[in-house]
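Mapping of the sequence shown onto our numbering: position 489 corresponds to residue 655, and the numbering continues sequentially without gaps. Using N, Cα and C, we set each Cβ at its ideal position, and we do this for glycine too.
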Amino acid sequence: MSALRWRRGPLWLALPLMAALVWFAAVGRHYPARGDLGWLWRVVRDGPGTDLDAVLLYYGTLPRLAMALVVGATLGLSGCLLQQLSGNVLLSPMTLGSASGAWLAMIAGAVWWPWLSAHHPDWLAMGGAVVATGLLLLLTGRHRLGSLQLVLAGMALNILLAALATALTLLHDQYALGLFVWGAGDLAQYDWHWLPWLAARLLPPLMLLPLLARPLALLRLGLGTASGRGLALLPALLAILLLSLWLSAVAVAAVGLIGFISVLTPALARRAGARTIAAQWGASAALGALLLCLTDGLAQLAAHWSSDSVPSGAAAALIGAPALVWLLGEVRDPPDPAPAVPAVRLDSRLAAMLWFGFVLLAASTCLLTRDAHGWCLAWPEAIVWWLRWPRLLAAGAAGAGLGVAGVILQRLLNNPLASPDLLGISAGATLALLLSAGLAGVGLAQVGWLPALVGSVSTLALVLWLGRRFAWRPSALVLAGLALSALLDGMVQFVLARGGLDTVATLAWLAGSTNRVEAPAALALALGVGGCALLAWLGRRSLTLLAAGDALAVSCGLSVSRARAGWLLLAALLCALVTSLVGPIGFVGVLMPHLAIRLGARAVGAQLLAAAAAGALSMLIADALGRTLLYPMQLPVGLCAGLLCGTLLVLSLSARRGGRS
Numbered sequence: 167m168s169a170l171r172w173r174r175g176p177l178w179l180a181l182p183l184m185a186a187l188v189w190f191a192a193v194g195r196h197y198p199a200r201g202d203l204g205w206l207w208r209v210v211r212d213g214p215g216t217d218l219d220a221v222l223l224y225y226g227t228l229p230r231l232a233m234a235l236v237v238g239a240t241l242g243l244s245g246c247l248l249q250q251l252s253g254n255v256l257l258s259p260m261t262l263g264s265a266s267g268a269w270l271a272m273i274a275g276a277v278w279w280p281w282l283s284a285h286h287p288d289w290l291a292m293g294g295a296v297v298a299t300g301l302l303l304l305l306t307g308r309h310r311l312g313s314l315q316l317v318l319a320g321m322a323l324n325i326l327l328a329a330l331a332t333a334l335t336l337l338h339d340q341y342a343l344g345l346f347v348w349g350a351g352d353l354a355q356y357d358w359h360w361l362p363w364l365a366a367r368l369l370p371p372l373m374l375l376p377l378l379a380r381p382l383a384l385l386r387l388g389l390g391t392a393s394g395r396g397l398a399l400l401p402a403l404l405a406i407l408l409l410s411l412w413l414s415a416v417a418v419a420a421v422g423l424i425g426f427i428s429v430l431t432p433a434l435a436r437r438a439g440a441r442t443i444a445a446q447w448g449a450s451a452a453l454g455a456l457l458l459c460l461t462d463g464l465a466q467l468a469a470h471w472s473s474d475s476v477p478s479g480a481a482a483a484l485i486g487a488p489a490l491v492w493l494l495g496e497v498r499d500p501p502d503p504a505p506a507v508p509a510v511r512l513d514s515r516l517a518a519m520l521w522f523g524f525v526l527l528a529a530s531t532c533l534l535t536r537d538a539h540g541w542c543l544a545w546p547e548a549i550v551w552w553l554r555w556p557r558l559l560a561a562g563a564a565g566a567g568l569g570v571a572g573v574i575l576q577r578l579l580n581n582p583l584a585s586p587d588l589l590g591i592s593a594g595a596t597l598a599l600l601l602s603a604g605l606a607g608v609g610l611a612q613v614g615w616l617p618a619l620v621g622s623v624s625t626l627a628l629v630l631w632l633g634r635r636f637a638w639r640p641s642a643l644v645l646a647g648l649a650l651s652a653l654l655d656g657m658v659q660f661v662l663a664r665g666g667l668d669t670v671a672t673l674a675w676l677a678g679s680t681n682r683v684e685a686p687a688a689l690a691l692a693l694g695v696g697g698c699a700l701l702a703w704l705g706r707r708s709l710t711l712l713a714a715g716d717a718l719a720v721s722c723g724l725s726v727s728r729a730r731a732g733w734l735l736l737a738a739l740l741c742a743l744v745t746s747l748v749g750p751i752g753f754v755g756v757l758m759p760h761l762a763i764r765l766g767a768r769a770v771g772a773q774l775l776a777a778a779a780a781g782a783l784s785m786l787i788a789d790a791l792g793r794t795l796l797y798p799m800q801l802p803v804g805l806c807a808g809l810l811c812g813t814l815l816v817l818s819l820s821a822r823r824g825g826r827s
């Protein structure tokens with residue numbers, strides 16, 4: 167009992183004190199001559215009057231504080247309900263994919279249903295959250311709510327839906343560009359409008375919350391025990407899930423995307439000593455309110471120091487992503503193994519036919535052009551070909567580089583989900599490029615690949631350090647990489663929320679655009695990727711030995727530490743080269759090695775060549791789809807490739823339901 171009190175006391179004392187100090191510091195920065203408590207109390211008690219500082223405090227700062235407390239409590243309770251329902255300490259609206267579903271629905275509403283977006287954003291966000299969650303549960307099955315596999319599939323779905331939202335924003339930037347600030351989690355207020363709006367939508371369902379205490383207590387005992395004691399499982403599960411999604415959707419509609427609060431606060435509540443159902447509700451709500459208040463205060467202080475707006479959601483990501491990594495270390499239950507490399511390969515003749523069709527399709531897309539009569543296969547005119555071949559070469563080289571990097575990482579780490587994007591390596595390169603461009607005051611195209619290499623190597627080293635902590639569990643390692651990617655996403659949202667003339671261009675680069683690639687840059691990328699691929703093929707024996715185990719590699723005379731460092735550096739270099747020119751491209755690196763094996767490439771050398779060819783051909787097909795699907799508008803090739811490969815990844819992660827491979 168004393169240990170419990172020891173854990174409980176510091177948290178309940180430190181967090182409110184820190185939140186209060188940070189908020190008073192932020193208020194003092196805004197009102198340096200009026201920051202005493204007496205003046206604050208008089209404004210609250212008597213109203214603002216005609217004093218400008220008092221008006222700003224009464225209609226700006228105080229509503230913002232109230233919204234931080236209410237939204238934080240709402241997110242904390244939403245995450246607590248999901249975790250009590252599933253018994254999964256990593257489950258939340260963010261890791262379930264419902265947050266990105268709500269975001270996608272809000273952007274779609276701004277583009278196609280502006281009246282609905284303006285008058286009923288809560289129902290619009292709820293619809294997106296329900297559809298995303300329903301899709302995930304349909305694919306994975308409700309009986310796997312407690313598995314890391316579900317969280318991994320949910321995070322992949324999160325990225326996929328965010329890519330769809332990015333595509334809509336690029337195609338309709340005149341409607342959706344203003345949602346950048348909202349997408350980063352904006353708590354800024356100008357009156358007291360949103361507080362009663364939230365109260366009207368939160369109080370009625372919260373009055374029903376006590377009715378869910380008994381069903382949740384029975385569900386703790388297991389589905390079979392709960393059903394045996396008379397609980398109607400399906401209605402109870404639906405009621406709890408819909409209430410949690412409603413709380414999250416209302417918060418998203420009011421202030422935008424604020425991640426990690428919902429996944430972190432239930433864990434803090436349990437650490438603080440909350441054991442019963444109701445105690446965890448109250449503790450999660452209170453800690454969520456305090457944590458978001460603290461985060462928002464830090465965002466305001468950062469905004470004062472940087473003389474620019476810092477979205478609260480971006481600040482929450484900076485705190486929450488390391489917290490998600492900490493929670494992965496707290497998971498003691500044995501996780502589901504990551505999806506294994508398929509054991510069955512295709513018949514050699516069928517594989518040859520598929521390769522032939524694959525190459526023929528990619529070649530035909532290069533010749534696909536449009537004349538007065540419509541689309542046709544013909545050699546493009548000289549001016550069209552001069553504009554097209556650099557982007558085709560850049561796309562093919564990028565796909566080949568990611569395919570080779572995926573083979574290296576999957577073989578080296580013995581992890582079938584390892585890839586530059588899922589391990590956060592692309593995120594590290596992207597962050598380094600954005601920081602370098604911002605500090606140097608130049609465009610992203612002028613930064614070069616060296617900062618990207620530094621970011622890739624640094625992130626890879628951090629992921630490997632985390633891998634040792636998690637005993638190299640495949641799902642946990644990939645979730646740690648996804649958490650690091652979410653950390654970057656908060657920073658990227660901050661950059662986009664600042665606005666400016668380069669916002670759309672930056673977003674296009676982040677989506678993997680090849681539209682502005684020039685011939686020298688495309689040739690340099692092709693030569694760089696080709697050289698790295700040649701080095702990988704020449705060193706295929708050492709990679710084979712490392713994949714077989716350190717003991718065998720040492721017995722064969724291989725210097726394991728040097729060889730492993732060299733291979734990791736080569737994978738980071740490939741990622742840096744691709745990211746510096748084309749931008750981050752998702753899911754290609756994780757799927758191409760598996761496709762190569764299914765098409766007959768079992769040996770390391772053959773898999774390297776096949777994955778490079780499959781990656782290049784996939785990117786060429788994605789480029790053709792981006793040019794033709796919504797003609798005359800175009801989608802970035804990386805976005806199209808990510809949508810295609812991301813869909814396949816979500817399906818493959820969920821395909822093991824019912825024992826399918």
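Taking a contact as a CB-CB distance under 8 Å, the pair G425 and A652 counts as one, their CB atoms being some 6 Å apart. Counting of Cβ neighbours within 10 angstroms places W278 among the exposed residues, the total staying below 16. Closest in C-alpha terms to L407, from the list Q250, A598, P488, L490, comes Q250. Runs of the alpha helix (DSSP H) lying entirely within the stretch 749 to 798, each at least 4 residues long, are 754 to 764, 770 to 794 in chain order.
W631: member of the alpha helix (DSSP H) spanning 616 to 635, first to last residue. A392 is positioned such that its CB atom lies no closer than 8 Å to that of L400. Within the same chain, G263, S266 come within 6 Å of N324 by CB-CB distance, once the 5 residues on both sides are set aside.
A365 places its beta carbon 8 Å or farther from that of V570. Note on M785: 16 or more other CB atoms within 10 angstroms of its CB, so buried under the neighbour-count rule.
In this chain, D352 is not harboured by any alpha helix (DSSP H), its DSSP state being neither H nor E. F522 counts as exposed, since fewer than 16 other beta carbons sit within 10 angstroms of its beta carbon.
The Cβ atoms of G320 and T261 sit closer than 8 Å to each other. Straight-line measurement puts the Cα of P759 at about 27 Å from the Cα of L599. Counting C-beta atoms within 10 angstroms of its own C-beta, D789 has 16 or more neighbours from the protein chains shown and is therefore classed as buried. DSSP places T227 within a helical segment (H, G or I) once states are collapsed to three. The beta carbon of W551 lies closer than 8 Å to those of W545 in the same chain, with the five residues before and after it left out.
Assignment of L423 by DSSP, reduced to helix, strand and coil, places it in the coil class. Taken through DSSP and simplified to helix, strand or coil, L534 comes out as strand.
By the CB criterion at 8 Å, T625 and T745 fall outside the cutoff.
If one requires a minimum length of 4 residues, the alpha helix (DSSP H) runs lying completely within the stretch 425 to 491 are 427 to 437, 443 to 472, in chain order.
With a beta-carbon spacing of about 7 Å, P477 and A465 fall inside the 8 Å limit used to define contacts. In this structure, L578 and L689 do not form a Cβ contact; the two beta carbons are roughly 29 Å apart against a cut-off of 8 Å.
The beta carbon of L736 sits closer than 7 Å to the beta carbons of I574, C698, L701, A702 from its chain, once the five residues preceding and following it are set aside; these are given in chain order. For S283, the enclosing alpha helix (DSSP H) starts and ends at 280 to 285. Following the DSSP letters along the chain, one finds D219 inside the alpha helix (DSSP H) bounded by residues 218 to 222.
Here DSSP, grouped into helix, strand and coil, assigns M321 to helix.
Between H359 and the set V421, L460, P798, the nearest pair of CA atoms involves V421. In terms of Cβ geometry, L404 and L243 do not form a close pair [threshold 8 Å].
Residue range 548 to 579 is occupied by the alpha helix (DSSP H) that includes V573.
Take the alpha-carbon of G238 and the one of Q773: they are about 48 Å apart.
A straight-line Cα-Cα distance of about 39 Å links S428 and Q612.
One Cα belongs to G215, the other to V221, and the distance between them is close to 7 Å.
Taking C-beta atoms under 8 Å as the contact rule, R557 and T680 qualify, at a distance of about 4 Å.
Separation of the CB atoms of A329 and G294 is rounded to 15 Å, and the pair is thereby denied contact status at 8 Å.
When the five nearest sequence neighbours on each side are left out, the beta carbons in the same chain lying within less than 6 Å of the beta carbon of V209 are those of A220, L223, Y224, in order along the chain. Under the three-state reduction of DSSP output, S679 falls in the coil class, being neither helix nor strand.
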